[in-house]
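What follows is a short report on a single structure.
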Amino acid sequence: MKKVKNILFKIELEGNGIVNYDSGEQGFTVSKTDLGGNTRHNNVSYAKKNFYESEEDGKLNYKIKIASDCLRKEIFARDMVAQTPNISHSESIILSYIASPVSLLRGYLFPSEKTIKRKGAISMTDAEQTSNGKSFLEFFSKSGEKVSESDSGKSDTSIFKKETIGNITYSSVGNIDLSELQFVSADPMFDRYSFNPDLFPMYKTLLNAKIGNFNSELGYFKMGSSVNEVPEYGFKLSNENLVTLTKEFFHRLLSTNIRRNKSYASVTKVEYKLVIDPIVDTLKNGEGWITLTSNEDLEKLNFSTVDNYVEVDLEESKKLREEIDLLKKEAGAKAKAENIENAGKKKADNLAKKLKKEADALAKIEADALVNSAE
Amino acid sequence: MNRKYLVLKFRDAKLFPSTKYSKDKSFDLIKGAVDRKILETFDEPITVHQISNILHVIFGERPVSSVRLSLYDKVDTLFEKAKECFLRIENPKIGDGKGGDKFITEIIQLKKALVNSWVKPQYITWERIRRLIGDELYGEFLIVIDELYAIKPSTHSSEKLVTYFRDLTKGSKQMNFGGKNTLSVPLDLDERMIDFFRLCKIKQFSSLVTTFFDPNSSEMNMAKNRTALTSVMGIDNIAKLRGTILVPVTDEEIKKIYRTNTTILDGGFLYLDSIKNESEINDEGFISVSDISLTKSLK
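Those protein sequence lines, which keep their order, are chains A and B. Here the numbering used here is used: the first residue of the first sequence is 1, the next is one more, and so on. Here the numbering used here is used: the first residue of the second sequence is 1001, the next is one more, and so on.
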């Protein structure tokens, strides 16, 4: 089986109405388009849009869109944990969250004394309108008690405008970075410390319960394609794990259904392409795309990934890392000394400015005194 | 010689135009957390550093941060190649009201990862009081307020107690814990209540006391592992850039390409559109990457 480097995907969505709104500040931009708009009032809700300049007349056109952030939120919403200190400070809850398919796919950031973070393996564009429908500003009114400090006699009815559209279709493209997905770093050296390696036994138990057949061990790895020989501590997911995670992602993508009070958008079609030759297997090339319309199609998904990370001898790695840690300490000491020196310089500069200001003020007083005595 | 170019296109590359009022942090390898608003950023959205990082990833190398300290260097040949590239950003611009122009921005919802984005409004309930001071002290608290004010959780909401405390005369009576360690309480607060609050202060639960008497205090929301509450969402304005990058390559270099899909800026999707000869390319609107300014400033 040929080795796959990454997986491209295309999605189509169908819906009715607007599911992703922007702030009222868009009014200024929208007033230059066919939609028109009101820049004076802030009671207008505008849909998120991509704006384009017409090559013929320089006029501003637009297409309605669903932001990629909105799509990602819907794909992973049911498993996302809130960023609160009560969770962030609980080691077991954090570990339970990061040892999961969602965290491996989506990425995370928990800042603390030792920040843990992981870059997501999924990148995707905004889902842009593909149908010809034109949106318009619809007028609404709402009855509700208005809370005001004085009895101003104002009505309790509010009026506002909201951008709406009928049936609409969208499309988006994206990529699953198998290189990013494959390796989980437990090393602050490369600024991607994802978890505390001391907790690996518990991490392993938790992840094994969620994806099954997780048998990886911690070790030192270097990037196979890089000239950088510095080994990185962490573990590598097996090919089977990567296939499981990819299926999990596509399953979530197929089930994506954005529901709002008066509108919706749901995924109707997913196509993917296994990229073996990055020059040939591109987005533009129409060959090699496989359609997924149901979870049954997902069962057929299988591939073999390129080994992006190669394990390095343990003793050799430890020796090299000791040298690097020493250099890092020296760099830290140098940075600290520079900070102290800069702080000293800043203090001296401020003092010099203050003295100059006082000297100028004194000179002015003396000059004024001279002028007065002359008069 | 008719050169070949990789035509790389990118979409939805997020740019945060202004960090002036940002409460965000940047996490440096050596310095740790640094306020983002004090970091100077490039005046131009995409510079030779970002293009160089794209080339690093395309040719199978690790990207190197241009903002934070990195313990490994960039590959010089790739950085030099980045200078030979051409860039065109295809977003329309609008007037900024000061005679210049700016990218069109949109609002984005952000997860507030910082652990100290404390919620300001007070949320006082019997359960939160119990979680703050613990079961033992809570038991004593209930006895005191029942005997003094006839207030019980089973018959009254905590709001009644809070209202009672806040209606007391504002005064300068001081609770003294030795030395300069004092706390102002209302003049007509019962001595028995003061004794209980003194006990809270000794056991380091003074946030309960300040919460009862100061409607603007959010100390109770800062008690970690007890009653801490943070604002988990924030909003910001971003510009989503799209454009094209032309990378000059030889046939030998094309064979060494490791991947053609990567990210640019924050979450931008970059992909290979085509490989073209120089004569096939319309260079309208492109600028040389080496001409892009590298000046930095606070935004």
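Just so it is clear, CB atoms sit at the ideal spot from N, CA and C, and this is done for glycine as well. No experiment lies behind these values; they were computed from the predicted model shown.
_My output table needs one value for A/Ile324: the three-state DSSP class, helix, strand or coil._
helix
- Hey, A/Val4 and A/Val306: beta-carbon distance below 8 angstroms or not? yes
Item to check | For B/Pro1248, the first and last residue of its enclosing beta strand (DSSP E) | outcome: Met1233 to Val1249
- Residue range of the beta strand (DSSP E) that includes A/Ser143: Phe136 to Ser143
Report the neighbours of B/Thr1263 on chain A: residues whose CB is nearer than 7 angstroms to its CB, in chain order. Ser123
C-beta contact flag for B/Ala1228 and B/Pro1017 at 8 angstroms: no
- request: For the alpha helix (DSSP H) holding A/Asp281, just list the boundary residues, first then last.
  value: No alpha helix (DSSP H) holds A/Asp281; DSSP gives it neither H nor E.
| message | If the cut-off is 8 angstroms on Cβ atoms, which residues from the stretch 270-288 of chain A count as contacting chain B, listed in chain order? | response | Val275, Pro278, Ile279, Thr282, Leu283 and Lys284
Does B/Phe1286 come out as helix, strand or coil in the three-state DSSP assignment? coil
Q. Do you know whose CA, among A/Lys134, A/His89 and A/Gly133, lies nearest A/Lys114's CA?
A. A/His89
Q: Measure from the C-beta of A/Thr29 to each C-beta in chain B and report whether the shortest distance is under 8 angstroms.
A: yes
Original post:
From B/Val1075 to B/Tyr1005, what distance separates their C-alpha atoms?
Top reply: 20 angstroms
Practice task
Please list, in chain order, all residues of the same chain as A/Glu311 whose beta carbon is under 6 angstroms from its beta carbon, the five residues on each side excluded.
Solution key: Gly219 and Phe221
Item to check | Integer-rounded CB distance, given that A/Ile11 should sit under 8 angstroms from A/Ile165 | outcome: Rounded, the Cβ-Cβ distance is 19 angstroms, inconsistent with contact.
### Task
Would you list, in chain order, the members of the stretch 174-191 of chain A that have their beta-carbon closer than 8 angstroms to a beta-carbon of chain B?
Gly174, Asn175, Asp177, Ser179, Pro188, Met189, Phe190 and Asp191
Quick one, are the C-beta atoms of A/Phe195 and A/Ile116 less than 8 angstroms apart?
yes
*For B/His1056, does the count of other Cβ atoms within 10 angstroms reach 16, so buried, or fall short, so exposed?*
buried
Run through DSSP, which three-state label would A/Thr205 get?
helix
Legend entry - DSSP-derived helix/strand/coil call for A/Phe221: strand
Can A/Val280 be considered in contact with the ligand NAD, in the sense that its beta carbon sits closer than 7 angstroms to one or more heavy atoms? By its list of ligands, the structure shown contains no ligand whatsoever, and the ligand NAD lies outside what it can speak to.
Using 10 angstroms around the beta-carbon of A/His251, count the other beta-carbons present and answer buried if the total reaches 16, otherwise exposed.
exposed
request  = Return the residues of the stretch 1045-1062 of chain B that lie within a Cβ-Cβ distance of less than 7 angstroms from chain A, sorted by chain order.
outcome  = Gly1060, Glu1061 and Arg1062
Practice task
Using a Cβ-Cβ cut-off of less than 7 angstroms, list which residues of the stretch 1083-1102 of chain B approach chain A; keep chain order.
Solution key: Pro1092 and Ile1094
Answer with yes or no whether the minimum CB distance from A/Phe51 to chain B is below 8 angstroms.
yes
- Query: Taking the continuous alpha helix (DSSP H) assigned at B/Ala1082, which residues delimit it?
  - Reply: Asp1076 to Lys1083
Let me check understanding here. Comparing Cα to Cα, which of A/Ile122, A/Ala186, A/Val270 and A/Val44 lies closest to A/Lys161? A/Val44
I need the straight-line Cα distance from A/Phe303 to A/Val243, nearest angstrom please.
7 angstroms
| query | When the cut-off is 8 angstroms and only beta carbons count, does B/Val1249 lie next to chain A? | reply | no
Assuming B/Tyr1005 is part of the beta strand (DSSP E), what are its boundary residues? Lys1004 to Leu1015
Pull up the CB-CB distance for A/Tyr97 and A/Met223, whole angstroms please, since I reckon it's below 8 angstroms.
-> So it is not a contact: roughly 27 angstroms between Cβ atoms.
- Task: Would you be able to state if there are at least three C-beta pairs under 8 angstroms between the stretch 313-327 of chain A and the stretch 295-302 of chain A?
- Result: no
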